[in-house]
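In the working numbering, the protein residues as written are 21 to 506.
Even glycine gets a Cβ: it sits at the ideal position worked out from N, Cα and C.
Here the structure is laid out as structure tokens; the discussion comes afterwards.
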Amino acid sequence: MSPRPLQIAFITSEMAPLMKTGGLADVSAALPRALARLGHKVTVFLPRYARIPFPPGDFAGSVHVPVDASPRSAGYYRRTLEDGLEVVFIEHPPFFDRPHPYGPSSNEEYGDNRLRFAFLARAALEYLRSRGQRPDVFHGHDWQAGLVPVYLKSFYWDDPALHRSPSVFTIHNLAYQGTFGGDTLDVLGLPWHFASGEALGHNGGISYMKGGIQFSEMVTTVSPQYAREIQGTEMGYGLDGTLRGRGGDLVGILNGVDYGEWDPRHDTYIAAPYSADDLSGKKKCKRDLLAAMGLPEAPSLPIVGIISRLVAQKGFDIVVDSWYDLLQRPIRMVVLGTGEPRLEQGLRSLAARAPDRFALRLEYDEALAHKIEAGSDVFLMPSRFEPCGLTQMYSLRYGTPPVVRATGGLYDTVEPWDPSTGRGTGFRFDNPDGTGLMWALDQALSAMKDRAAWKRLVRNGMEKDFSWDRSAEAYVAVYRQAMEKV
Ligand code: ADP
Ligand code: GLC
């Protein structure tokens, strides 16, 4: 007999295409779908941000949400996406009727984030409680949902509806910890002893990320290598001890790719479809990309593509500092990204030195992201750390071998090319500096000279299968482990 399908409550602050700042949105769109395909029932809880048209679904009532001393209530709107998958939008205009999810710009935080995301967690729980629906498992993502396990273990542990509900907490990026002032527990009415270092106390404040780690039954992160790295001091961001403490319950599950969205065989954003068996369309995509970026045609100069948030994590300071070496190489670069002003400025000055070879778009553009995956010859990701990374997996499928720093999910998904065996899918470097970056890029450029071997490398990458099904099954196994623990 196959095991009973699960009811899963999935709490997230982003979900593509409704609200996206990075890979969390892609995961929150694809993983619930993959779980539903396996026969499970998933309810995704997402704030109704200003960008999401109103009403986002059918009105499903409103409930008082006692998040702090002020009287507040949430309105709920349900939308069924497909069989087994619905989104419940949480409407509370004072908190969520804003264009951006976390701050007035990608470099700033809203001053009331501790209340906004406490509200997200509590509003999801209140919705289910008011309906007497106890899911089999709660699954929260990153610090924005870190209070879900904390609330479950406090106010709702003996609740007649939600009693003893197990939870799984997923770390997508340990660098963002949601750490707020010491008065936060007081404001939220949580027990004062949760301020201990064994609970939410962290660096003199209260960390929602730490709460998620400490109070959930199981903790996951988005690649096996990152699961190892965050238990060490270098990548642990001060939470390595906490994570080692939970080491037995910490599992690395590689993100998948939604090949419905990201596959050159049927991508409607790109100039021509192509596949591993017939790569001819890729040439058209390259021409189309050059036109979109305003670069002249020059078939002998390979295109290095970049799509990224421009933040310290992603290592673009290394690119900026390597400007001299980069300009010595016979390459062109196309960059799409937004982020920290110092990195945007650095890339701007690099582009200004060779405008016919270096094209830069400091904006968010979904269509252009697809065109860069398809039209580039290699894809560059010099991350200092990378929990999983999705764009390198997209580039593999688009026949655009990745050049990556050997860290986290990049390490797990990119196999170094070995010309003597014809195995491998890309190029990895260890040292996060210009020497490391140029070494790997030069390897790619010299591999490109052997056209037959390059074709083999391209095909190796295109044939890799990172679809969600396997990862979704791994999550189900973790959900069942969590359920056994309560
Ligand atoms: P992270 O979540 O750390 O930003 P990922 O590689 O997991 O990194 O996911 C990034 C996602 O965001 C990908 O889907 C990528 O295509 C997209 N993305 C990042 N920057 C841009 C941009 N400027 N325009 C369009 N898409 C972008
Ligand atoms: C985070 C990480 C990225 C990961 C994404 C989705 O934003 O930076 O590496 O792919 O979450 O899990």
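Residue i to residue j span [Cα, whole Å]
i       : j       : result
Thr-455 : Arg-349 : 14 Å
Ala-56  : Thr-41  : 24 Å
Pro-375 : Leu-182 : 60 Å
Tyr-294 : Arg-377 : 26 Å
Pro-91  : Arg-142 : 14 Å
Ala-138 : Arg-149 : 16 Å
Asp-269 : Ala-379 : 45 Å
Gly-81  : His-390 : 39 Å
Arg-516 : Ser-126 : This structure cannot speak to residue 516, because the chain is shown only from 21 to 506.
Ala-467 : Val-398 : 11 Å
Leu-457 : Gln-463 : 10 Å
Ser-415 : Pro-361 : 27 Å
Glu-386 : Arg-368 : 21 Å
Gly-446 : Pro-422 : 5 Å
Gln-251 : Leu-263 : 6 Å
Tyr-176 : His-112 : 22 Å
Gly-314 : Ile-290 : 16 Å
Ile-191 : Glu-504 : 21 Å
Ala-29  : Pro-155 : 6 Å
Ala-144 : Ile-31  : 7 Å
Ala-94  : Asp-88  : 13 Å
Tyr-279 : Gly-357 : 22 Å
Asp-453 : Ile-338 : 6 Å
Glu-317 : Ile-392 : 15 Å
Arg-329 : Gly-276 : 20 Å
Pro-25  : Leu-310 : 48 Å
Asp-162 : Leu-44  : 9 Å
Pro-180 : Gly-152 : 8 Å
Pro-211 : Lys-173 : 11 Å
Start-to-end residues for the alpha helix (DSSP H) that takes in residue i
i       : result
Ile-392 : 386-395
Thr-455 : 454-468
Val-355 : Taken as a continuous stretch (DSSP letters only), Val-355 belongs to no alpha helix (DSSP H), being part of the beta strand (DSSP E) at 352-359.
Met-39  : No alpha helix (DSSP H) contains Met-39, which DSSP labels as neither H nor E.
Arg-136 : 133-151
Phe-405 : No alpha helix (DSSP H) contains Phe-405, which DSSP labels as neither H nor E.
Phe-336 : 336-341
Met-503 : 488-505
Gln-245 : 244-249
Ser-300 : 300-313
Arg-264 : 260-265
Leu-416 : 411-417
Asp-432 : 428-433
According to DSSP, residues forming a beta bridge with residue i
i       : result
His-222 : Gly-225
Ala-29  : Thr-63, Phe-158
Tyr-96  : Ile-110
Pro-422 : Phe-399
Leu-105 : Val-62, Glu-102
Met-482 : Partner(s): none; Met-482 has no beta bridge.
Leu-380 : Val-355
Leu-270 : Val-239
Arg-443 : Asp-438
Phe-200 : Ile-226
Val-277 : Ser-487
Endpoints, the beta strand (DSSP E) within which residue i is located
i       : result
Phe-175 : Segment: none, Phe-175 is in no beta strand (DSSP E) and carries neither H nor E.
Ser-187 : 187-191
Ala-82  : The residue asked about is misnamed: residue 82 is Ser in this sequence, not Ala. Per DSSP, Ser-82 belongs to the beta strand (DSSP E) from 78-84.
Ile-323 : 323-330
Arg-448 : 447-449
Nearest-angstrom Cβ-Cβ length linking residue i and residue j, presumed shorter than 8 Å
i       : j       : result
Asn-193 : Pro-407 : 5 Å
Ala-247 : Gly-272 : 3 Å
Gly-409 : Leu-430 : 5 Å
Ala-54  : Ala-492 : 4 Å
Glu-237 : Ala-502 : 4 Å
Ser-396 : Val-324 : 7 Å
Gly-232 : Gly-123 : Not really, about 20 Å apart at Cβ, beyond 8 Å.
Gln-234 : Ala-215 : With a Cβ gap of about 12 Å, Gln-234 and Ala-215 do not count as contacting.
Asp-283 : Arg-417 : 6 Å
Gln-197 : Gly-428 : Incorrect: roughly 17 Å between the Cβ atoms, too far for contact.
Pro-121 : Glu-34  : 6 Å
Lys-302 : Ala-394 : 7 Å
Interface flag, residue i vs chain C, CB-CB below 8 Å
i       : result
Glu-218 : Structure shown: chain C not included; a single protein chain is present.
Q. With contact counted as at least three CB pairs below 8 Å, one residue from each stretch, are the stretch 217-231 and the stretch 154-171 in contact?
A. Yes, the stretch 217-231 touches the stretch 154-171.
Q. So does the stretch 95-111 actually touch the stretch 61-72, counting three or more Cβ pairs closer than 8 Å?
A. As far as the Cβ criterion goes, the stretch 95-111 touches the stretch 61-72, which means the pair count is three or higher.
**Q.** Chain-ordered list of residues that sit, by beta carbon, closer than 7 Å to a heavy atom of the ligand COA
**A.** Among the ligands in the structure shown, the ligand COA does not appear; only the ligand ADP and the ligand GLC can be found there.
Q.
Could you check whether the stretch 469-485 touches the stretch 434-449, counting it as contact only if at least three pairs of C-beta atoms, one from each stretch, sit closer than 8 Å?
A. At 8 Å Cβ cutoff, the stretches touch.
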